[in-house]
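Enquirer: This structure is in structure tokens; I'll ask about it shortly.
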Amino acid sequence: MIAHKASDITVTVVDLNAARIAAWNSDTLPIYEPGLDEVVRSARGRNLFFSTDVKGAIAAADIVFVSVNTPTKTYGVGAGRAADLRYIESVARTIAEVATTPKIIVEKSTIPVRTATTIQEILAANGKAVKCQVLSNPEFLAEGTAVADLMNPDRVLIGGERTPEGEAAIATLVSVYARWVAPERIITTNLWSSELSKLVANAFLAQRISSINAISALCEATGADVDEVANAIGKDSRIGAKFLKASVGFGGSCFQKDVLNLSYLCEHFGLPEVATYWESVVKMNDWQKHRFAGNIVKTLFNTVADKRIAVLGFAFKKDTNDTRESAAIDVVRDLLVEHANVVVYDPKVPAAEILHDVSGKGVTPNPRLSVASSAIEACAGAHAIAIVTEWDEFKTLDYAKIFAGMQKPAFIFDGRNITNLAKLREIGFRAFGIGK
Ligand SMILES: NC(=O)c1ccc[n+]([C@@H]2O[C@H](COP(=O)([O-])OP(=O)(O)OC[C@H]3O[C@@H](n4cnc5c(N)ncnc54)[C@H](O)[C@@H]3O)[C@@H](O)[C@H]2O)c1
Numbered sequence: 000m001i002a003h004k005a006s007d008i009t010v011t012v013v014d015l016n017a018a019r020i021a022a023w024n025s026d027t028l029p030i031y032e033p034g035l036d037e038v039v040r041s042a043r044g045r046n047l048f049f050s051t052d053v054k055g056a057i058a059a060a061d062i063v064f065v066s067v068n069t070p071t072k073t074y075g076v077g078a079g080r081a082a083d084l085r086y087i088e089s090v091a092r093t094i095a096e097v098a099t100t101p102k103i104i105v106e107k108s109t110i111p112v113r114t115a116t117t118i119q120e121i122l123a124a125n126g127k128a129v130k131c132q133v134l135s136n137p138e139f140l141a142e143g144t145a146v147a148d149l150m151n152p153d154r155v156l157i158g159g160e161r162t163p164e165g166e167a168a169i170a171t172l173v174s175v176y177a178r179w180v181a182p183e184r185i186i187t188t189n190l191w192s193s194e195l196s197k198l199v200a201n202a203f204l205a206q207r208i209s210s211i212n213a214i215s216a217l218c219e220a221t222g223a224d225v226d227e228v229a230n231a232i233g234k235d236s237r238i239g240a241k242f243l244k245a246s247v248g249f250g251g252s253c254f255q256k257d258v259l260n261l262s263y264l265c266e267h268f269g270l271p272e273v274a275t276y277w278e279s280v281v282k283m284n285d286w287q288k289h290r291f292a293g294n295i296v297k298t299l300f301n302t303v304a305d306k307r308i309a310v311l312g313f314a315f316k317k318d319t320n321d322t323r324e325s326a327a328i329d330v331v332r333d334l335l336v337e338h339a340n341v342v343v344y345d346p347k348v349p350a351a352e353i354l355h356d357v358s359g360k361g362v363t364p365n366p367r368l369s370v371a372s373s374a375i376e377a378c379a380g381a382h383a384i385a386i387v388t389e390w391d392e393f394k395t396l397d398y399a400k401i402f403a404g405m406q407k408p409a410f411i412f413d414g415r416n417i418t419n420l421a422k423l424r425e426i427g428f429r430a431f432g433i434g435k
């Protein structure tokens, strides 16, 4: 977006992963996002370059955005909760090694609060006395609407040291965003507020989903309708209408990781009650995913063994091909444990990715799992359909035709509440939504 909006700024995207860089330089970008192809095409070769020359690009840069992955740690202290900062540290060491001119280092990755200190210490201990300023500039874009979010952000947050050097670095970064973002939308804070705000923003968003999902279960038990409840409470301006959509559960690479990281930080700083409070957001999400799969088994007369189940959608949400932490993974696994024959269809996720995500890297895929090339194909001969991703095309499928080709009774479980359950029931389906 910077390259697209500011033709006088040269942006070089570097990655150690050569295959990814090759894809960024090809006609098939490695990420599917509406509008992304146009943005890349507008600037690539002009002032936007993709390269594997990490050291060369760092040496030449005035500003370095550190955007590496910060996954949940899988080993040692904090395993399963803390952020793994090895990639951040490795970049800091590379910067220290190659920087010969002053630089502004921008934390773009989502990181635990006070990570800037780590970067500063590594630079100070290893650098060649080159003055670098570390800023925090967390990214708030949502996958699926990334280009629109970058083009027109609710806010840009920049944190830095409140010293003359820090203020100057902040002003430089503000001047980059000011090319296309209104000044009142650019917020500047101290470093720690900025670092923490990203984790807190994701925790609040995830909490809203877990809250409405918790209520969805109560709706099912009582005869209330979760969409009606969401509409009624969302009209309260203190609550607001957005992000109150009940579903099979949230996914994506960020929500779970960031909430767990926040919870771990609370514990680290001696606040176990706060840690437990936030951790419950993730527990509720896990419960909702398993509840959805469990409901399918229960409703299909307590057995799905050898029954064909069509799973529509595998990406963690529509308009992305990202499957990280997708609810579909847990739903499919639960159904396979019950010996269902699961057929998945997703318009953007390749078959190999689906098989790999469910079974694990290097593991022979479960023979009960297969991938179809259309929704119609997936549903043919199925006992039940589970809608797991809210792709628009699932709203307008010819459900009457699909029903005709299914085993009877034919079941449909809409994990995103995107279909008209009454119409599906008229066709003959036994239809179930979330919180309905
Ligand atoms: N994906 C999102 O929507 C999103 C939104 C906001 C914030 N974030 C944050 O941004 C960060 C990156 O997320 P992502 O989804 O792009 O992760 P990703 O895993 O898709 O990409 C990270 C890339 O960094 C590269 N890398 C790792 N170490 C490197 C090094 N030393 N030098 C050069 N390249 C290196 C990896 O090869 C990889 O391609 C995370 O901290 C994430 O929390 C992501």
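Here numbering that gives the first Met the number 0 is used: position 11 in the sequence shown is 10, and no number is missing along the way. Ideal placement from N, C-alpha and C gives every residue a C-beta, glycine not left out. Everything numeric in this text was worked out from a predicted model, so none of it was measured.
Can the beta-carbon of A98 be found closer than 8 Å to that of A124?
Expert: No; because the gap between Cβ atoms is not below 8 Å, this pair is not in contact.
Enquirer: Can you have a look at E142 and say buried or exposed, based on whether 16 or more other CB atoms are within 10 angstroms of its CB?
Expert: The residue is buried, with at least 16 neighbouring Cβ atoms inside 10 Å.
Enquirer: Using 8 Å as the threshold, is the stretch 410-428 in touch with the stretch 387-400, meaning 3 or more CB pairs across them?
Expert: Because the criterion of three Cβ pairs below 8 Å is met, the stretch 410-428 and the stretch 387-400 touch.
Enquirer: Which residue marks the beginning of the alpha helix (DSSP H) containing S262, and which one marks its end?
Expert: F254 to H267 is the extent of the alpha helix (DSSP H) around S262.
Enquirer: Extract the residue ranges of the beta strand (DSSP E) inside the stretch 332-382, only unbroken runs of 3 or more that lie entirely within it.
Expert: List check, beta strand (DSSP E) in window: 340-344 and 368-370.
Enquirer: Could you please give the first and the last residue of the uninterrupted beta strand (DSSP E) stretch that includes D321?
Expert: Per DSSP, D321 belongs to no beta strand (DSSP E) and is neither H nor E.
Enquirer: Below 8 Å between beta carbons: does that hold for T109 and D257?
Expert: Yes, they are a contact pair.
Enquirer: If you reduce the DSSP assignment to three classes, tell me which class N419 lands in.
Expert: In the structure shown, N419 sits in coil (DSSP, three-state: anything other than H, G, I, E or B).
Enquirer: With H, G and I counted as helix, E and B as strand and the rest as coil, what does DSSP make of R43?
Expert: Note: R43 maps to strand in three-state DSSP.
Enquirer: Pull up the DSSP beta-bridge partners for D224, would you.
Expert: Paired residues: none, contrary to the question.
Enquirer: Thinking just about the alpha-carbon of each residue, which of N419, V76 and A5 is nearest to the one in W179?
Expert: Answer by Cα proximity: A5.
Enquirer: Nearest to S50 by alpha carbon, out of R80, G34 and T9?
Expert: S50 has its Cα closest to that of T9, out of R80, G34 and T9.
Enquirer: Nearest-angstrom Cα distance between A231 and S246?
Expert: Approximately 18 Å, taken between the alpha carbons.
Enquirer: Which partner residues does F410 have in the DSSP bridge list?
Expert: The partner list for F410 (beta bridge, DSSP) reads A383 and R429.
Enquirer: Please go through the stretch 93-124 and give each complete alpha helix (DSSP H) segment of 4 or more residues, from N-terminal end onward.
Expert: Listed in chain order, there is nothing to give.
Enquirer: Going by the beta-carbon positions, is the gap between A145 and E32 smaller than 8 Å?
Expert: Yes; because the gap between Cβ atoms is below 8 Å, this pair is in contact.
Enquirer: For G251, count the other beta carbons within 10 Å of its own beta carbon; 16 or more makes it buried, fewer makes it exposed. Which is it?
Expert: G251 comes out buried.
Enquirer: Rounded to whole angstroms, what's the CA-CA distance from L204 to F242? Just pull it up for me.
Expert: Straight-line Cα distance between these residues: approximately 7 Å.
Enquirer: Which one of T298, P346 and G165 has the shortest CA to CA distance from L334?
Expert: When each option's Cα is compared against that of L334, the closest is T298.
Enquirer: So, for D356: in the same chain, excluding its five sequence neighbours on each side, which residues have a beta-carbon less than 7 Å away from its beta-carbon?
Expert: The residues are T322 and I328.
Enquirer: Drop a sphere of 10 angstroms on the beta-carbon of S373, count the other beta-carbons inside from all chains shown, and report buried for 16 or more, exposed for fewer.
Expert: Answer is exposed; the Cβ neighbour count stays below 16.
Enquirer: Classify N189 as helix, strand or coil using the three-state DSSP reduction.
Expert: Correct three-state label for N189: strand.
Enquirer: Less than 6 Å between C-beta atoms, sequence neighbours within five positions excluded: which residues of the same chain meet that for E337?
Expert: If we look at E337 and ignore the five residues flanking it on each side, its Cβ neighbours are V296 and V303.
Enquirer: Just to confirm, is the Cβ distance from I121 to R92 under 8 Å?
Expert: Cβ atoms of I121 and R92: closer than 8 Å.
Enquirer: Ignore the nearest five residues each way along the sequence and tell me which others in A332's own chain have a CB closer than 7 Å to its CB.
Expert: According to the sequence shown, residue 332 is Arg rather than Ala. Cβ neighbours of R332 beyond the five flanking positions: V357.
Enquirer: Determine whether the beta carbon atoms of V133 and E164 lie at a separation below 8 Å.
Expert: Not a contact, by the Cβ cut-off of 8 Å.
Enquirer: Less than 8 Å between the beta carbons of R429 and A399, yes or no?
Expert: Not a contact, by the Cβ cut-off of 8 Å.
Enquirer: Answer yes or no: the CB of T322 versus the heavy atoms of ligand 1, is any distance below 7 Å?
Expert: No, ligand 1 has no heavy atom inside 7 Å of this Cβ.
Enquirer: Would you mind giving the Cβ-Cβ distance between L423 and I411, rounded to the nearest angstrom? I have them listed as a contact below 8 Å.
Expert: The Cβ separation is near 6 Å, so the contact holds.
Enquirer: Flag R19 as yes when its Cβ comes closer than 7 Å to any non-hydrogen atom of ligand 1, and as no otherwise.
Expert: Answer for R19: yes, Cβ within range of ligand 1.
Enquirer: I need the boundaries of the beta strand (DSSP E) containing T11, first residue and last residue.
Expert: V10 to V13 is the span of the beta strand (DSSP E), which, as asked, contains T11.
Enquirer: Reducing DSSP to helix, strand and coil, say where F48 ends up.
Expert: Here F48 sits in strand by DSSP.
Enquirer: Taking 8 Å as the threshold, find out whether the stretch 263-273 comes into contact with the stretch 299-318 through three or more Cβ pairs.
Expert: Touching, no, given that fewer than three Cβ pairs across the two stretches are closer than 8 Å.
Enquirer: Using the three-state DSSP reduction, which class does L456 fall into: helix, strand or coil?
Expert: For residue 456 there is no data in the structure shown, the boundaries of the chain being 0 and 435.
Enquirer: With 16 as the cutoff for other CB atoms within 10 Å, does Q255 come out buried or exposed?
Expert: Looking at its Cβ environment, which holds 16 or more other Cβ atoms inside 10 Å, Q255 is buried.
Enquirer: For F64, list the residues DSSP reports as bridge partners.
Expert: F64 is bridged to V105.
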